[in-house]
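Each residue of the sequence shown is one higher than the last, beginning at 0 in numbering that gives the first Met the number 0. A virtual CB, placed ideally from N, CA and C, is assigned to each residue, including glycine. Remember, predicted model here, so these are calculated numbers, not experimental data.
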Amino acid sequence: MFYYFGRKKQTAKHYPKPIYDKIIEPFAGSAAYSLLGSNWEKEIFLIEKDKRVADIWHWLIGEATPEKISALPDLTVGEKSTEFLHIIHAVTKMAFAYKTIKATPVLIRNWEISKRHMAENLHKVKHWKIVCGDYSSAPAEEATWFIDPPYQNQGKLGYAWSAAMLDYTELARWVKSRKGQVICCEGGEANYLPFRPLVINKGVAGRQSKELLYYKVCGDVEERGIQAQLRDHDSARQADHVEDRPL
Ligand SMILES: C[S@@+](CC[C@H](N)C(=O)[O-])C[C@H]1O[C@@H](n2cnc3c(N)ncnc32)[C@H](O)[C@@H]1O
Numbered sequence: 000m001f002y003y004f005g006r007k008k009q010t011a012k013h014y015p016k017p018i019y020d021k022i023i024e025p026f027a028g029s030a031a032y033s034l035l036g037s038n039w040e041k042e043i044f045l046i047e048k049d050k051r052v053a054d055i056w057h058w059l060i061g062e063a064t065p066e067k068i069s070a071l072p073d074l075t076v077g078e079k080s081t082e083f084l085h086i087i088h089a090v091t092k093m094a095f096a097y098k099t100i101k102a103t104p105v106l107i108r109n110w111e112i113s114k115r116h117m118a119e120n121l122h123k124v125k126h127w128k129i130v131c132g133d134y135s136s137a138p139a140e141e142a143t144w145f146i147d148p149p150y151q152n153q154g155k156l157g158y159a160w161s162a163a164m165l166d167y168t169e170l171a172r173w174v175k176s177r178k179g180q181v182i183c184c185e186g187g188e189a190n191y192l193p194f195r196p197l198v199i200n201k202g203v204a205g206r207q208s209k210e211l212l213y214y215k216v217c218g219d220v221e222e223r224g225i226q227a228q229l230r231d232h233d234s235a236r237q238a239d240h241v242e243d244r245p246l
């Protein structure tokens, strides 16, 4: 919904389509998967541990209107801002730690694009639910689970609640115990679940990063539907390469 470090805006389409009426994203961030295509029409339940991020969602789901978003001031080059919503638009591994940010042309552009995107898509999130809390507090329901934690190799970078604070052995146990359609994202050489390669992300300056997927379906959904999903997903992801472009 907004620019965010590690968001799945470009890669969301490569994950299996949701087969349940409810999507739970226990590591919400900017919730790109729930917003993708018609996914947003489902019952969406987000959990996010960083209160500043959860507060953005509370505002978007609650008080915000397209008019209020469009009326948010633009930034000018060199201007300083202490607004967290501005700061995350820098999309750097350290943004979460900044108290103030100085507007650069890139930040200004990201903010302009994001304002327009949020105003145009706001109606999609008005029925969503957001809870500020730990992923482990998610309801133990049979649903489509889109689990996108801080990546194991990121250490203290990226988020206030970073990889360094997560117990990945416990996360693996929790992921395996989910019921329904379980999609867990990772990158690089993560090893706490039997991940398989999903796509290669092409970043700036020829940098590449490998996206990994852990996927299982267990529950009451019709077997035929599940098989079709798995087949579609496997053929769609063959030789996938995605460009890491802005909105
Ligand atoms: C990789 S990002 C999610 C990106 C998201 N899929 C998107 O499209 O923007 C991971 C998110 O998990 C949050 N997080 C970290 N530890 C958490 C925890 N224990 N419980 C819930 N959320 C947590 C971080 O603050 C961050 O927003």
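Reduced DSSP category for residue i - H, G, I as helix; E, B as strand; rest coil
{"i": "residue 84", "result": "helix"}
{"i": "residue 9", "result": "coil"}
{"i": "residue 157", "result": "coil"}
{"i": "residue 95", "result": "helix"}
{"i": "residue 62", "result": "coil"}
{"i": "residue 111", "result": "helix"}
{"i": "residue 119", "result": "helix"}
{"i": "residue 15", "result": "coil"}
Span of the alpha helix (DSSP H) around residue i
{"i": "residue 167", "result": "167-175"}
{"i": "residue 32", "result": "31-34"}
Residues sharing a beta bridge with residue i, DSSP
{"i": "residue 195", "result": "212"}
{"i": "residue 42", "result": "21"}
{"i": "residue 181", "result": "144 and 215"}
{"i": "residue 79", "result": "101"}
{"i": "residue 47", "result": "131"}
Rounded separation between residue i and residue j - CA only
{"i": "residue 64", "j": "residue 45", "result": "20 Å"}
{"i": "residue 40", "j": "residue 120", "result": "12 Å"}
{"i": "residue 76", "j": "residue 104", "result": "6 Å"}
{"i": "residue 25", "j": "residue 144", "result": "8 Å"}
{"i": "residue 34", "j": "residue 128", "result": "13 Å"}
{"i": "residue 211", "j": "residue 194", "result": "6 Å"}
{"i": "residue 157", "j": "residue 150", "result": "9 Å"}
{"i": "residue 141", "j": "residue 160", "result": "26 Å"}
{"i": "residue 173", "j": "residue 78", "result": "44 Å"}
{"i": "residue 30", "j": "residue 36", "result": "13 Å"}
{"i": "residue 1", "j": "residue 58", "result": "13 Å"}
{"i": "residue 164", "j": "residue 148", "result": "11 Å"}
{"i": "residue 8", "j": "residue 204", "result": "20 Å"}
{"i": "residue 13", "j": "residue 169", "result": "26 Å"}
{"i": "residue 16", "j": "residue 154", "result": "30 Å"}
{"i": "residue 110", "j": "residue 124", "result": "19 Å"}
{"i": "residue 49", "j": "residue 177", "result": "23 Å"}
{"i": "residue 83", "j": "residue 118", "result": "18 Å"}
{"i": "residue 18", "j": "residue 198", "result": "21 Å"}
Residue i and residue j closer than 8 Å at C-beta
{"i": "residue 4", "j": "residue 94", "result": "yes"}
{"i": "residue 6", "j": "residue 28", "result": "yes"}
{"i": "residue 88", "j": "residue 113", "result": "yes"}
{"i": "residue 10", "j": "residue 200", "result": "yes"}
{"i": "residue 23", "j": "residue 137", "result": "yes"}
{"i": "residue 102", "j": "residue 74", "result": "yes"}
{"i": "residue 215", "j": "residue 186", "result": "no"}
{"i": "residue 179", "j": "residue 132", "result": "no"}
{"i": "residue 107", "j": "residue 86", "result": "no"}
{"i": "residue 192", "j": "residue 162", "result": "no"}
{"i": "residue 53", "j": "residue 47", "result": "yes"}
Start-to-end residues for the beta strand (DSSP E) that takes in residue i
{"i": "residue 130", "result": "128-131"}
{"i": "residue 142", "result": "141-146"}
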